[in-house]
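S.K.: This note's numbering numbers the first residue of the sequence shown as 8 and each following residue consecutively. One structure, pasted below without further comment.
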Amino acid sequence: MDIERLKASVTTVSGYPRPGIEFRDITSLLLHPEALRECVLRMAAPYREQAIDKIVAIEARGFIFGAALAMELGCGLVLARKPGKLPRPTYKASYALEYGEDSLHIHTDAIAPDERLLVVDDLIATGGTVAAVASLIDKFGATLCGAAFAIALQDLPGLAMLRERGIATHYVLSFNGE
Ligand code: AMP
């Protein structure tokens, strides 16, 4: 499938969840097996020779692409989850929301210090979520090899912010966020 058809499988919903936002809805991409497969193969391409041990997938849409990538690359899958979801001891990192804050958690025994990790989410906007996961990974002493996304919003600061922090990024589709 060519990149234009893949891009057309994402639905844009203007004004959701609030006025001024162009919401990039990947549920329509997921309806098409060819689109999902193409997207996952393109996400996986740069990492085939990078000896990634585990994917760290971000709740919730990151789980979809993260699980597919873990199977494609033959590596483990770590879930970074919202508070109250994981049953055993966790490390956590908090991050700012427009109003207040949220946090993400990973089981303390999910990552070993000598492992090479790849963070996966459906979309990068401001980069706040991925930055929180990067600081969470620091607590394990593991190596973060990069961050991969189905979609990058080019007019928002996330990509540049991750690059400034030395986190290599890879994405399949470009959109604007507003
Ligand atoms: P951020 O932390 O700002 O990079 O936000 C990333 C998270 O918010 C991703 O998990 C996305 O699912 C979601 N998100 C942010 N902006 C949008 C948007 N315009 N369309 C769809 N999802 C979005």
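Glycine included, each C-beta is placed from N, C-alpha and C at the ideal position. Nothing here was measured: the structure is a model prediction, and the numbers come from that model.
Compute the minimum distance between the beta carbon of Thr133 and the heavy atoms of ligand 3, and state whether it is under 8 Å.
M.R.: Because ligand 3 does not appear in the structure shown, any question about it cannot be addressed here, the ligands present being ligand 1.
S.K.: What number of angstroms, rounded off, separates the C-alpha of Ile144 from the C-alpha of Val20?
M.R.: Computed Cα separation, rounded: 33 Å.
S.K.: Using three-state DSSP, classify Val17 as helix, strand or coil.
M.R.: It is coil, neither helix nor strand.
S.K.: Report yes if the C-beta distance between Asp128 and Arg172 is below 9 Å; otherwise report no.
M.R.: Not a contact, by the Cβ cut-off of 9 Å.
S.K.: Report yes if the C-beta of Asp162 is less than 8 Å from at least one heavy atom of ligand 1; otherwise report no.
M.R.: No; taking the cut-off as 8 Å, the Cβ of Asp162 has no heavy atom of ligand 1 nearer than that.
S.K.: Mind reading off the beta-carbon distance from Arg170 to Cys152? Whole number of angstroms is fine, and I expect it under 8 Å.
M.R.: Contact flag wrong, Cβ pair sits at about 14 Å.
S.K.: Do Thr136 and ligand 1 come close, with the Cβ less than 8 Å from some heavy atom?
M.R.: Because some heavy atom of ligand 1 lies under 8 Å away, the Cβ of Thr136 counts as near it: yes.
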